[in-house]
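Undergrad:
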Amino acid sequence: MSTDELPEHPDWLWSSPEPKRSYDVVIVGGGGHGLATAYYLAKNHGITNIAVLEKGWLAGGNMARNTTIIRSNYLWDESAGIYEHSLKLWEGLEEDLGYPILFSQRGVLNLAHSMQDVRESVRRVNANRLNGVDAEWLGPEEVKEVCPIVNVSPDVRYPVLGATYQPRAGIAKHDYVAWGFARAAAAMGVDLIEHCEVTGIDVVDGRVRAVQTTRGRIAAGKVALCAAGHSSVVGRMAGVELPVQSHPLQALVSELLEPVHPTVVMSNAVHVYVSQAHKGELVMGAGIDAYNSYRQRGAFHIIEQQMAAALELFPIFARAHVLRTWGGVVDVSPDASPVVGLTPVDDLYVNCGWGTGGFKATPGVGWCYAHTIAHGEPHPLNAAFSLERFTTGALVDEHGAAAVAH
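Each position in the sequence shown, counted from 1, maps to that position plus 3 in my numbering.
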């Protein structure tokens, strides 16, 4: 199927059934992770009596609001393991789903601007290679060869001293990814139920029994939470306090431009990451807003700082115009790593805490979370990301370990 044949609105890809009275598995959250989990439960484990409940429209939360960067060059073994698994799935996902996702492996540069950056970056390159992740260290002139428009002059406040480079990294079309998973899951019998907000979770004798929704009570053998920035709210409905905080995360795009930016560039020191989308707009993002909020908008000064950082690296963008800005709600854990696994409530599972890195993990966490739900125990790749690590101290501390944690 060519992209020219795709409809403007994908209503034909899946039906919108009325919810049944009960399901084997109810997934709370119809974003990328919820849809991928449903797909792999059906495909890998033969579980098809599934409802994916979404309070708005399918994939209308963070899945529709991210900057689509895909990479796996994380420092710690646990992080590299699940993200590399995800990247390998990305590489065959279009064929697997039978739907175009426009996965473009254009590479990602993580810039170093100080000797400390250089030391940490070279350390990460070596760690990546030990974990089988493609990684290179590039000097300033080699950075210029990969991305000719980046400013590598030594006479700036934050000179580019080099960069890590992952050639297999890139971007994908987020809407197509969601639609592909939704279409494939629905074809296997999964019910995708939009405009169905979960308002309560029934727990009896320590075991989950049902969810209360704006469309009635739905009994469930198992309940899997995939609510991203609202995970703490939904978890509290079952009496589970999750160690995450929610923050706005902003991004923006420029007007359409001719192709000028061949890769993805990320910088932690000036704090911006920039790519060029398939249609031609520049896509930019940076860090989270500092305050806690469930609002899908943030403060103007964050956008202003992003623009200043982008112009530090790309003077060529000085006359580009911002077309629009937006925000999502991300949930951040104390060690900046996700929480994927069991909860103190029997048959209640949680997938949260991805912070700013959820999109790139979509197929990988869907695969592992489905295994966890089907077998009642973690997949080896998500075993380290349990809730228990916050009491045992076995943290996976990715704060600053992977340049920008996106």
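Glycine residues also receive a C-beta, built at the ideal position from the N, C-alpha and C atoms.
I need the straight-line Cα distance from Tyr276 to Ser89, nearest angstrom please.
TA: 21 Å
Undergrad: Whole-angstrom Cβ separation of Tyr43 and Trp370, contact assumed at under 8 Å?
TA: 5 Å
Undergrad: Would Gly283 and Leu260 qualify as a contact pair, given that the criterion is a beta-carbon distance under 8 Å?
TA: It is a contact, given that the beta carbons lie within the stated cut-off.
Undergrad: According to DSSP, simplified to helix, strand and coil, what is Lys58?
TA: Lys58: coil per DSSP, three-state reduction.
Undergrad: Let me know the alpha helix (DSSP H) ranges lying completely inside the stretch 105-172, each 4 residues or longer, listed in chain order.
TA: 118-133 and 143-149
Undergrad: DSSP has Pro251 in a bridge; who is on the other side?
TA: Val332
Undergrad: Counting C-beta neighbours from all protein chains within 10 Å, is the total for Glu148 16 or more, i.e. buried, or is it exposed?
TA: Counting Cβ neighbours within 10 Å, Glu148 comes out exposed, since fewer than 16 surround it.
Undergrad: Asp350 by DSSP, collapsed to three states: which one?
TA: Asp350 sits in coil when the DSSP states are folded into three classes, being neither helix nor strand.
Undergrad: How would you write the range of the alpha helix (DSSP H) that Ser296 sits in, first residue to last?
TA: No alpha helix (DSSP H) holds Ser296; DSSP gives it neither H nor E.
Undergrad: Restricting to Cα atoms, I'd like to know which of Pro337, Ala230 and Ser117 is closest to Gly59.
TA: Ala230
Undergrad: Quick check: Val226 and Val55, are their CB atoms within less than 8 Å of each other?
TA: no
Undergrad: Got a sec? Which residues, its chain only, sit under 8 Å from Ala386 by beta carbon, not counting five neighbours each side?
TA: Gly344
Undergrad: Go ahead and pull the three-state DSSP assignment for Gly99.
TA: Just to set this straight, residue 99 is Asp in the shown sequence, not Gly. Looking at Asp99 - three-state DSSP - the assignment turns out to be helix.
Undergrad: Taking Cys355 as the reference, give the member of His177, Leu384, Leu390 and Arg109 with the closest Cα.
TA: Leu390
Undergrad: Residues in its own chain within less than 7 Å of Leu326 by CB, not counting five upstream and five downstream?
TA: Val256, Ser257, Glu258 and Glu284
Undergrad: Does DSSP put Ala190 in a helix, a strand or coil?
TA: In the three-state DSSP reduction, Ala190 falls in the helix class (H, G or I).
Undergrad: Using DSSP with H/G/I as helix, E/B as strand and the rest coil, what is Tyr77?
TA: coil
Undergrad: Taking 8 Å as the limit between beta carbons, can you name the residues of its chain near Cys150, skipping five residues before and five after?
TA: Leu112, His264, Pro265, Thr266 and Val268
Undergrad: Who are Ala311's beta bridge partners in DSSP?
TA: Partner(s): none; Ala311 has no beta bridge.
Undergrad: Would you mind stating whether Ala181 and Leu38 have Cβ atoms separated by less than 8 Å?
TA: yes
Undergrad: Using a Cβ distance threshold of 8 Å, determine whether the stretch 155-172 contacts the stretch 137-144, with at least three qualifying pairs required.
TA: yes
Undergrad: Kindly list the residues whose CB is nearer than 6 Å to the CB of Thr6, restricted to its own chain and excluding five residues on each side of it in sequence; keep chain order.
TA: For Thr6, the pLDDT reaches just 46, beneath the cut-off of 50, and the residue's location in the model is therefore unreliable, leaving the point undetermined.
Undergrad: Measuring alpha carbon to alpha carbon, tell me which residue in Met240, Phe393, Val332 and His324 is nearest Tyr297.
TA: Val332
Undergrad: Please report the straight-line C-alpha distance between Ile221 and Thr40, rounded to a whole angstrom.
TA: Going by the C-alpha atoms only, they are around 19 Å apart.
Undergrad: Can you tell me which of the three DSSP states Cys229 falls into?
TA: In this structure, Cys229 counts as coil in the three-state DSSP scheme.
Undergrad: Check each candidate in Asn154, Pro262, Ser278 and Arg210 and name the one with the smallest Cα separation from Ala172.
TA: Ser278
Undergrad: Among the candidates His116, Tyr352 and Glu97, whose CA atom is the shortest distance from the CA of Val243?
TA: Tyr352
Undergrad: Within 10 angstroms of the Cβ of Gln309, are there 16 or more other Cβ atoms? Answer buried if so, exposed if not.
TA: Gln309 is classed as buried because its beta carbon has at least 16 other beta carbons within 10 Å across all chains shown.
Undergrad: Within its chain, find whatever has a CB closer than 8 Å to the CB of Ala189; leave out the 5 residues flanking it on each side and keep chain order.
TA: Annotation for Ala189: Leu16, Trp17, Ser18 and Leu195 place their beta carbon closer than 8 Å to its own, counting only its chain and skipping 5 residues before and after.
Undergrad: To the nearest angstrom, how far is it from the Cα of Trp177 to the Cα of Leu105?
TA: For the record, residue 177 in the displayed sequence is His; it is not Trp. His177 and Leu105: Cα-Cα distance of roughly 9 Å.
Undergrad: Do you know how far the Cα of Arg126 is from the Cα of Trp79?
TA: So the two alpha carbons sit approximately 11 Å from each other.
Undergrad: If I measure Cβ to Cβ from Met4 and keep anything under 6 Å in the same chain, skipping five residues before and after, which residues do I get?
TA: In this prediction, Met4 scores a pLDDT of 46, lower than 50, which makes its location untrustworthy; the coordinate-derived value is nonetheless stated afterwards. Correct list: empty, nothing qualifies.
Undergrad: Identify every residue that forms a DSSP beta bridge with Gly288.
TA: Ala254 and Tyr276
Undergrad: Which first and last residues belong to the beta strand (DSSP E) in which Thr216 is found?
TA: Arg210 to Thr216
Undergrad: Using a 10 Å radius around the Cβ and a threshold of 16 neighbouring Cβ atoms, would you call Glu81 buried or exposed?
TA: buried
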